[in-house]
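**Q** Got a structure here, written out as structure tokens. Questions coming.
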Amino acid sequence: MSTAIVWFRNILRLHDNPVLSWASDCDGIDTIIPIYILDDKWVNQSNHSPTVNRKKFLYESILGLNRNLEEKLQSGILIFSGNAVEIFKSIFEMLDTEITWLLCDFCSEPEGLKSMDEIQLLLSDSSIQTKVFPAVSTILDIEKVIRSEDFINPKSLKDIDKIFANNLETDPDGYLVGESLAPPKQIKPNINVMQSLANNDILSKYYIPFTDLQQEAMKIDSNLETGTHYFLGGENEALVRLKRKVSDSHNFVNDFSKPHSVSTNEQGNPLEPSTTGLSPYISNGCLSVRLLWNECRKANFNSSHTKPPESLLGQLMFREMFYLLSRSVENWDDDNANTNCKPIEWGEYDEPKVTAWELGMTGFPYIDAMMRQLESTGWMHHLGRHAVSCFLTRGQLWQNWKIGRDIFDRKLIDSDWALNNGNWLWLAGVAPFSMPYYRVYNPCPDSKSSLNAETVDADFIRYWVPELISFPSKYIFEPHRASLEIQRSSNCIIGQDYPNPIVNRKESRKENLIRFKESNANLSKGN
DNA sequence: GGATCCGTTGTAGCT
DNA sequence: AAGCTACAACGGATC
């Protein structure tokens, strides 16, 4: 009798799940025990913990996985919370003769690597074999690529293009990466052992009954305000969205151009992204990025489609780039001893300004709308993320990017360690792959800007900054410039009902450009 | 080896 | 409405 533990780490799905598929196909494995381990940070909430939006999405995703396992494969999954090493230690002690395999997906985050190292150390003298599946959260096998002889840190599309060409099977266009796996047709859960683990005294402090998680998710949901539960977690929801936005929308995919997408929302629905809105499903493991890649390729059936970097495939290529860099660059998440981060002399931490930024009270309606949307829904359009992160760092407030990085990490339902750090490095202008620092985003992108459609953005602002609901579009990006008469007739006095701008955007931009230039000059002098 | 080009997605003002 | 130009000007790759 051979039993394998299938540890679902960042893979909350049945489709394209190489771990589960391998376990179900392997002749040497008679039964399996699916396990999910919830980190303590989700259970014991503090001011630094992920927000309830993130928690809700994750819990729904776990519950969705459990439901799919029950309904489609007559299984289920054991849910524990706590330190994975301790939990496995207890399980292995209890079942040392029964368990033959520990199978899981590779996690590239520092915490994930550390716990896997500890578990492998724990098992070094045992007869239990471990097998870690690469390329589950990514298209590329990250470790294999960064260890290949000719690997250099990628910093452009050209570099990542070359890496794809050298590491993936390609079609004549250089794109095909192989089919994603269908869900396994059947698995053999060891229901008896699963029940005994669930009822075990030693494990009881870690074990979380499915119903507890369900109640917690429902409790969060009912406490949230209407309009904030727009994204529902889980694989089923991910696949419905994939079909609607990608597979059934060839024109959308073929015309997709990130820099020109409306930065706010789809017309007619203030909560529906103008982009795919698939990012939370990818980062929570509900959707295979390989499946998404292949569906995008299928949609590109003629030659007149957008190409990387602006296309959807381009976006996914940069995702792989950041994953590679997050493993090959030391101190990826720091501004110190990070070869991909220039040590710019950012200003002292300015609490009132950072708070105004975080709460959407800067007096810049576009910035405030974006930050309020983030606070309330856990999601923000990519171009909005550009605008607000540029505003906090090199654009206006001259604050260290790590401050914003941490706030994003806590709030974004699509939070991803490699990508969040990469994007902040990029936007702060400190990385080799950054655009030139003097290209500063305007926090008031009015109708003159080619990036934004006037009416859509104005409505977006009115939705998230209801103080300005009656303001004319002409002044909605800079309401303090409207006459007192207009402010009165719009029922919003600036400085009273809505803040005055916390900085002069043009002056701060100018000062910051000089500061950045000076920091750069000091660097090249070796100071 | 100095000049030139280019970089995932800038802005403002003009035609 | 889309495209041009000036703005100010980094840093690595390429010629």
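The working numbering puts the first residue of the first sequence at 517, with every later residue one more than the last. Ideal placement from N, C-alpha and C gives every residue a C-beta, glycine not left out.
Near Ile1018, which residues of its chain fall below 7 Å by C-beta distance, leaving aside the five closest residues on each side in sequence?
**A** The answer, listed in chain order, is Lys869, Ala872, Thr878 and Gly879.
**Q** Would you call Asn708 buried or exposed, if buried means 16 or more other Cβ atoms sit within 10 Å of its Cβ?
**A** Exposed, by the Cβ-count rule.
**Q** So does the segment 645 to 662 actually touch the segment 556 to 574, counting three or more Cβ pairs closer than 8 Å?
**A** No, the segment 645 to 662 does not touch the segment 556 to 574.
**Q** Helix, strand or coil for Ser597, going by three-state DSSP, please let me know.
**A** Strand.
**Q** Just to check my reading of the structure: Gly580 and Asn752 have Cβ atoms closer than 8 Å, yes? What is that Cβ distance to the nearest angstrom?
**A** Yes, Gly580 and Asn752 are in contact; Cβ-Cβ is about 6 Å, under 8 Å.
**Q** Could you check whether Ile578 and Ile595 sit closer than 8 Å to each other, using their CB atoms as the reference points?
**A** For Ile595 and Ile578, yes; Cβs fall inside 8 Å.
**Q** Are the CB atoms of Asp621 and Thr652 within a distance shorter than 8 Å?
**A** In the sequence as presented, Thr is not what sits at residue 652; that position holds Val. Contact flag set, yes.
**Q** So which of Cys542, His564 and Ile521 has the shortest CA-CA distance to Ile553?
**A** The residue with the shortest Cα to Cα distance from Ile553 is Ile521.
**Q** Could you check what DSSP says for Ile549 in three-state terms: helix, strand or coil?
**A** If DSSP states are grouped into helix, strand and coil, Ile549 belongs with the strands.
**Q** Mind reading off the beta-carbon distance from Gly876 to Arg888? Whole number of angstroms is fine, and I expect it under 8 Å.
**A** 4 Å between Cβ atoms; contact.
**Q** Which residues bound the beta strand (DSSP E) around Gln731?
**A** Note, Gln731: premise wrong, no beta strand (DSSP E); alpha helix (DSSP H) at Phe726 to Asn739.
**Q** Is Thr893 near the ligand ZN, going by C-beta to nearest heavy atom under 7 Å?
**A** This structure simply doesn't include the ligand ZN, nor any ligand for that matter.
**Q** In whole angstroms, what separates the C-alpha of Gln702 from that of Glu614?
**A** Looking at the two C-alpha atoms, the distance is approximately 21 Å.
**Q** With a threshold of 6 Å on Cβ separation, who are the neighbours of Thr792 within its own chain once the five nearest residues in sequence on each side are excluded?
**A** Counting only Cβ-Cβ distances below 6 Å, and skipping sequence neighbours, we find Lys761.
**Q** Grouping DSSP H, G and I as helix and E and B as strand, with all else coil, what is Ala903?
**A** Helix, per DSSP.
**Q** Out of Gly743, Tyr723 and Leu748, which one is the CA nearest neighbour of Ala733?
**A** Nearest C-alpha to Ala733: Leu748.
**Q** Helix, strand or coil, according to DSSP, for Thr878 in the structure here?
**A** Thr878: coil per DSSP, three-state reduction.
**Q** For Pro699 and Glu587, what's the separation of their Cα atoms in angstroms?
**A** So the two alpha carbons sit approximately 13 Å from each other.
**Q** Is the beta carbon of Ile977 less than 8 Å from the beta carbon of Ile992?
**A** In this structure, Ile992 lies closer than 8 Å to Ile977 by Cβ.
**Q** Hey, quick one: how far does the beta strand (DSSP E) through Ile1010 stretch, first residue to last?
**A** No beta strand (DSSP E) contains Ile1010, which DSSP labels as neither H nor E.
**Q** Relative to the C-alpha of Pro786, which candidate in Phe817, Ile527, Thr893 and Trp809 has its C-alpha closest?
**A** Of the listed residues, the one whose Cα sits closest to Pro786 is Thr893.
**Q** In the structure shown, what three-state DSSP assignment does Ala698 receive?
**A** In this structure, Ala698 counts as coil in the three-state DSSP scheme.
**Q** Start and end of the alpha helix (DSSP H) containing Ile668?
**A** Segment: none, Ile668 is in no alpha helix (DSSP H) and carries neither H nor E.
**Q** With which residues is Thr519 paired in a DSSP beta bridge?
**A** Partner(s): Thr547 and Ile615.
**Q** Go ahead and label Ala944 buried or exposed: buried means 16 or more other beta carbons lie within 10 angstroms of its beta carbon, across all protein chains shown.
**A** Ala944 should be labelled buried.
**Q** For a minimum of 4 consecutive residues, which ranges assigned as the alpha helix (DSSP H) are wholly contained in the segment 914 to 954?
**A** List check, alpha helix (DSSP H) in window: 917 to 927 and 933 to 944.
**Q** Where do the N-terminal and C-terminal ends of the beta strand (DSSP E) with Phe649 fall, by residue?
**A** Counting along the chain, the beta strand (DSSP E) containing Phe649 begins and ends at Gln645 to Phe649.
**Q** Kindly list the residues whose CB is nearer than 8 Å to the CB of Asn1043, restricted to its own chain and excluding five residues on each side of it in sequence; keep chain order.
**A** A caution first: Asn1043 carries a pLDDT of 48, below 50, which makes its placement in the model unreliable, though a value can still be read off. Within the same chain, Asn1043 has no close Cβ partners at all.
**Q** Along the chain, where does the alpha helix (DSSP H) that runs through Gln561 open and close?
**A** It is not in any alpha helix (DSSP H) - Gln561 carries neither H nor E in the DSSP assignment.
**Q** Within a Cβ cutoff of 8 Å, which residues of the same chain sit near Val805, ignoring the five residues on either side of it in sequence?
**A** Hits under 8 Å: Ser653, Thr654, Ile655, Ile798, Leu832 and Arg835.
**Q** Can Tyr882 and Pro995 be called in contact, C-beta distance under 8 Å?
**A** Taking 8 Å as the Cβ cut-off, Tyr882 and Pro995 do not qualify as a contacting pair.
**Q** Mind reading off the beta-carbon distance from Ile718 to Ser606? Whole number of angstroms is fine, and I expect it under 8 Å.
**A** Correct: roughly 5 Å between the Cβ atoms.
**Q** Output yes or no for whether 8 Å exceeds the beta carbon distance between Val1050 and Ile860.
**A** A query on residue 1050 cannot be resolved here, the shown segment of the chain reaching from 517 to 1043 and no further.
**Q** In this structure, how does DSSP classify Asn958 when only helix, strand and coil are distinguished?
**A** Residue state, collapsed to three classes: coil.
**Q** Tyr575: buried (16+ other C-beta within 10 angstroms of its C-beta) or exposed?
**A** Looking at its Cβ environment, which holds 16 or more other Cβ atoms inside 10 Å, Tyr575 is buried.
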